[in-house]
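Asks: Sequential numbering from 82 applies to the sequence shown in our numbering.
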Amino acid sequence: MWINLLPVMLLLFIVIYRVCGWGGNGSLDLLEMSFESQQAMVHGKPMPASDLLVVHRWRPSCMTSRWGDVLMIDVNWLCRSPEGLFVLGIAQGGDDGTTPSLYPHKLFPRDIRWVWRSLSEDRVRQMLTPTPRIYRKVFGVPAPGR
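1. On the three-state DSSP scale, how would you describe Ser201?
2. Quick one: what does DSSP say Pro225 is sitting in, helix, strand or coil?
3. Nearest to Arg198 by CA position, among Arg140, Ser131 and Leu159, is which residue?
4. Could you tell me if Val89 is buried or exposed, where buried requires 16 or more neighbouring beta carbons within 10 angstroms of its beta carbon?
5. Does the beta-carbon of Met144 have 16 or more other beta-carbons within 10 angstroms, so that it is buried, or is it exposed?
6. Using the beta-carbon count (16 or more within 10 Å), is Val156 buried or exposed?
7. Out of Pro141, Met153, Ala130 and Thr212, which one is the CA nearest neighbour of Phe167?
8. Would you identify the three-state DSSP class for Ser115, choosing helix, strand or coil?
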C-alpha cells in the first residue's frame, strides 16, 4: 500500500516545489520582465528595451537572505540595438530582508533600477578582447592577437 502512495507523494512534492518557485528561475524571470518594461537610452535616443538584443550577460552579483530571498543584485547586460549600436544595461536592486518568505525568489528586490550606458563598437571590442569566447560570440570573429 505504501508503495502505491510513493509516486503520488513524489508528484505532489514536485508540483509544490515548482509552484513555490524553489526550483525555478523566478528571480531571473522577474529581472527579464523588469528589463523588457524599461525605456532605454541608446546613444541619446529612447528605445523600448524589449527591442534590444541581449548579446552577453555577465555573472550577476547577488546577495541572498538565509531564507533564499534575493536581497541585493547587480547585473550587467550588453545589448545591441536593431541599428547595431551597443548599450550596457546595468540593473541594481535591493531589499531590507526583514520579511521572511516561504517562497524563495518571490520576494525579489522591489526596487530595481536600470541605468543605460551607450558604448562605441571600439569600446565593446576593447572590453571583450580579454574574453575570446565572448568576443567571438558577439562579433563572429576571433579576438585580435588570440
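The beta carbon of each residue, even a glycine, is placed where N, CA and C say it ideally should be.
Replies: According to the structure shown:
1. For the purposes of this step, residue 201 is taken as residue 120 along the sequence shown, with counting starting at 1. Residue state, collapsed to three classes: coil.
2. The residue you call residue 225 lines up with position 144 of the sequence shown. Pro225: coil per DSSP, three-state reduction.
3. Reading the sequence shown from its first residue, position 117 is the one you call residue 198. Taking only the C-alpha atoms, the option nearest Arg198 is Leu159.
4. For the purposes of this step, residue 89 is taken as the residue at position 8 of the sequence shown. Val89 is exposed by the Cβ-count criterion.
5. Locating residue 144 in the sequence shown gives position 63, where the first residue counts as 1. When all chains shown are included, Met144 counts as exposed.
6. As a first step, residue 156 is located in the sequence shown; it is residue number 75 there, counting from the start. Buried, because 16 or more other Cβ atoms sit within 10 Å of the Cβ of Val156.
7. Counting from one through the sequence shown, the residue named residue 167 turns up at place 86. Of the listed residues, the one whose Cα sits closest to Phe167 is Ala130.
8. Counting from one through the sequence shown, the residue named residue 115 turns up at place 34. Looking at Ser115 - three-state DSSP - the assignment turns out to be helix.
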